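Line by line, the protein sequences are chains A and B. Letter by letter, the first sequence follows residues 644 to 1060 in our numbering. Letter by letter, the second sequence follows residues 165 to 530 in our numbering. Yeah, the Cβ is synthetic: ideal placement off N, Cα and C, and Gly gets one too. Being a predicted model, the structure only gives us computed values, none of them experimental. One structure below.
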Amino acid sequence: MGMAVSALEAKRLEAVLKGDEEVEVVGTGTDAVAYALMLVDIDVTAAYPIRPYSGVMERVARLIADGYLKAEYIVAAHEHDQFEIVKHASAVGARTFVGSSGVGWLLAIEAIVPISMDRYPVVALIGNRALDDPGAYGVEHNDALMVRDVGWLLVWVDTAQEALDTTLIAYRVAEDPRVMLPVGISMDGAFLTHSEHVFKIPPKSKVQKFLPPYDLGNRRLHPSNVISVAPQVNEDWVMELRKQVDEAMKNARKVIEEAYRDFAKIFGRDYGNPFVEPYMVEDADVIMVGMGTVSKPIKEAVRRLRARGERVGFLRIRWFRPFPTEDVIRYLSGARVVAVVDRDYSFGSPFDGGVLYTEIRSALYEAEHRPLMINFIGGLGGREITYNDAINMFNIALDAARKGRVEQRVIWYGVRE
Amino acid sequence: MSVQETNIYTLEIIYRGVHQRHLARNLARGIVYAARMEGSVALSYQRYGDDPERDGVPAKYFVVIAKGASEEVLDAEAARVEPDYVDISIVLDDSILKGIESWAWQGIQPVHLKLRANGLLIVVSRRSPEELLKYIPARDTPYTLVVVQGDRSIGDFWTFPDDGTLERVMGAIARVAPNVLSLEGVKKYLSSLDKPEVRVNRALEAYQSLIKMRDVKPGEGLPYKYEPPHLPGWKDMMIGGAIPGLRPNQRNPYFTGGTAKHYRPVINFDKCIKCSLCWVYCPDSVFEITPDGYFNPVLAYCKGCGICAEVCPVPDTIIMVDEMEFEDGYGKYIDEYRYWKENREAYRRWFESLLPKAQVISVRKR
């Protein structure tokens, strides 16, 4: 085994590959995903560097070079090639991994859509990054949200541990015959891709119990199984094939629940509700909603405001596709004010708010009690949202709760006039 | 606003992709303009799935005319893939009578599939209605076959051969269906173009000299039953639209496409040197290798591009001959190799008889 990984980490990686115990390491969010790829034993990955995703391709290269992982590592000419490569590899029966960020993800969009429409369970890491222009390395969620309508399952994580665990779960869900759709794991650029966390790597022996081998069945492209895929069928077949995706996406809700249940049983880490993370939402008058690492400052704000007797809570949306409609209604319809923090924008959308705000508003239309809603657009391009910012936002929402009305629906929080 | 009974007429123009797409479009638009000039409302559209940018593919244009109506009457006829029925079918190339396979494959459709009972089937041809009936399938309802005398108008991707076909067809419509398009309307439209006198005279010529008409009774014509392909439901389809593939030497029974040709290769097996160039160059893998090493065209898949005749290195060995020389079609084609094997002398005489009619002859240029 190589010298490149520190002696301590080398010992621990060998332990999870050979033994039955989990180990603890320090690493970034992208490191955590790379360790998960080692555990699920990917066959093929296609890489092309772009910040902040690139950490994972570097770590995977390292793991292959040092002998911890045997996989075909293909350096693509650009992101479009990257996604074409894994699509084709997945079609012939290889377990694949891919990823990108911001404009790189968008360059690949023409290959990204057929991956879901052709029903290949590719798993991708989207290191969330602002779209050009203006140039910015920092986080915005619009890159991943560009594919929200085309059959990709989308999940946001907020710790390295969750990144590792969710990667394992992603393969299990994606490759389930009832689903067979790709999963995009979103990770906030900088705040998770480039921050160091302590996390646990489970032993490979347990992963093998959790994740069955990838089996495409009669859809595997192979000389012994003569099939044709991705046909030009025009209006005669298109609706039926879109309907298949619709059914698969709806099936995914059940499959995700099963996967988290088994995950808790096998690994002993229980995420509770798989789709959302409710934090002190019981009895809350004001509930803030967000995705990704904005959870950290908001939770701190909740604790501080609760200490002052304010009834506030937080709901983190983990799975954005399929959307957790029932959970959103269950946890939010009891509140007087729901304040959605969007690290994204949707210019010209119904109330000129963010994507998450618009979706949650739509879900709550079916609620018996519809709370007041405020939208904070903030943290764009990687700008910080601190717990003081979150407290300020809560205060605006608490004020609306007291007055029983919202003075400004959408607030660009912290924007300079 | 009250809804009034309106006379709505639908016409279809059946033409060959690439060669006749400008003619078809100009004719469709011309009918629309003419109809509007005589106070009707009208629109036209293409059958999009035909993909007429493909060489020779049988394709369709539709025109809807509503007499004395307001524009919104056409709303129900707009944004359609194709109409349910047509009152008039105009066939710009008589070899299309042998069947229609649109590029978005729906099986081999009879040329009059959409034609209403007692409708008009107008064909541009040099042949008589009696001769043309040998190529048209029988159907359950009567119709009238109308021949507009004329040679096949063949253009290319960019050019419209301004050869009078358009004017003659419009004159013929005015003659046989004055309720749909009057001679006055046709004249008005043609007078608004360049060379108005020449154009109007062409239309008048057809209007006056016509008309070879033949009432066709139910059951008259070729025995052929159209079977549309089965369209599976989403539960029946393989996930993601995968479909069982073809094994080596298998042909796709759901995509033949042989009706895209207006001429076909005929092989002189007596002169063939088995060089395999036709087999190599054929873009549709039409040639099958016989047990004794000849190359036999499976004509149901031949699109009539003529490349085989162009590349054949032996003089007078592959010739391209007009489809109307062969009374076959609707999925059943002559097996040239078998015919030759069965009676070489008869085949030789047959080939010799076709040679003077050939449009492309290997090595020798006509």
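| Query | Result |
| --- | --- |
| Quick one: measure Cβ to Cβ for A/R862 and B/G404, integer angstroms, because I've assumed they're closer than 8 Å. | 7 Å |
| Just verifying my parser: in three-state terms, what is the DSSP assignment at B/P455? | coil |
| Is the Cβ-Cβ distance between B/Y503 and B/G422 less than 9 Å? | no |
| Output, in chain order, the set of chain B residues within a Cβ distance shorter than 7 Å of A/K886. | W398 |
| Would A/E878 count as contacting chain B if we go by Cβ distances under 9 Å? | yes |
| Which bits of chain B does A/S871 rub up against, with CB to CB less than 8 Å? | A406, I407, P408, G409, L410 |
| Once the 5 residues before and after B/A199 are set aside, which same chain residues still bring their CB inside 7 Å of it? | A206, I229, L345, G349 |
| If you draw a straight line from the C-alpha of B/R332 to the C-alpha of B/V255, how long is it? | 13 Å |
| Beta-carbon within less than 6 Å of A/A658's beta-carbon, same chain only, minus the 5 sequence neighbours each way: which residues are those? | V666 |
| Does the beta-carbon of A/R951 have 16 or more other beta-carbons within 10 angstroms, so that it is buried, or is it exposed? | exposed |
| With the cut-off set at 9 Å, would you say A/G832 and A/R772 are in Cβ contact? | yes |
| Is it true that the CB of A/V756 sits closer than 9 Å to the CB of A/L824? | no |
| Apply the 10 Å Cβ neighbour rule to A/N785 and answer buried if 16 or more other Cβ atoms are within range, or exposed otherwise. | buried |
| I want to see whether chain A comes within less than 9 Å of B/G213, judged by CB atoms only; does it? | yes |
| Strictly below 8 Å CB to CB, what residues from chain B border A/D905? | Those within 8 Å of A/D905 in chain B number zero; the least Cβ separation is about 23 Å. |
| Run the CB neighbour count on A/W795, radius 10 Å, all protein chains shown included, and call it buried at 16 or more, exposed below. | buried |
| Please report the residue range of the alpha helix (DSSP H) in which A/S697 lies. | 697-708 |
| Tell me which residue opens and which closes the beta strand (DSSP E) that B/E377 is part of. | Reading the sequence as shown, one finds Met at residue 377 of chain B and not Glu. Per DSSP, B/M377 belongs to the beta strand (DSSP E) from 376-380. |
| Taking DSSP as the reference, what is the three-state secondary structure of A/G721? | Checking the sequence shown, residue 721 of chain A turns out to be His, not Gly. Correct three-state label for A/H721: coil. |
| I want to see whether chain B comes within less than 9 Å of A/R979, judged by CB atoms only; does it? | no |
| With distances taken Cα to Cα, identify the nearest neighbour of A/L975 among A/V937, A/G991, A/G933, A/V683. | A/G933 |
| For A/W795, which beta-bridge partners are listed by DSSP? | Paired residue(s): none; A/W795 is not in a bridge. |
| Might you give, ordered along the chain, the residues of its own chain that have their beta carbon closer than 7 Å to the beta carbon of A/D905, omitting 5 neighbours on each side? | F853 |
| Taking 9 Å as the cut-off, decide whether the C-beta atoms of A/R954 and A/D926 are in contact. | yes |
| Use the C-beta contact count for B/F419: other C-beta atoms within 10 angstroms, 16 or more gives buried, fewer gives exposed. | exposed |
| Helix, strand or coil: how does DSSP classify B/T174 here? | strand |
| For the region 811-828 of chain A, which residues have a beta carbon sitting closer than 8 Å to at least one beta carbon of chain B? | M823 |
| As a quick exercise: from A/R1059, A/Y696, A/A767, pick the residue whose alpha carbon is nearest that of A/R1026. | A/R1059 |
| Would you say B/I264 faces chain A, with C-beta separation under 9 Å as the test? | no |
| Of the residues B/C469, B/T481, B/L347, B/G397, which one's Cα is nearest the Cα of B/D434? | B/T481 |
| Going by beta carbon distance, what residues of the same chain come within less than 7 Å of B/L277, once the five residues before and after it are set aside? | Y390 |
| Taking A/R949 as the reference, which of A/S871, A/I1034, A/R815 has the closest Cα? | A/I1034 |
| Look up A/V746 in the DSSP assignment and say whether it is helix, strand or coil. | helix |
| Please state whether the Cβ-Cβ distance between A/V766 and A/Y814 is less than 9 Å. | yes |
| Opposite B/I525 in the DSSP bridges: which residues? | B/I483 |
| Buried or exposed: where does A/D626 fall if 16 or more other Cβ atoms within 10 Å of its Cβ makes it buried? | Any question about residue 626 of chain A goes unanswered here, given that chain A covers just 644 to 1060. |
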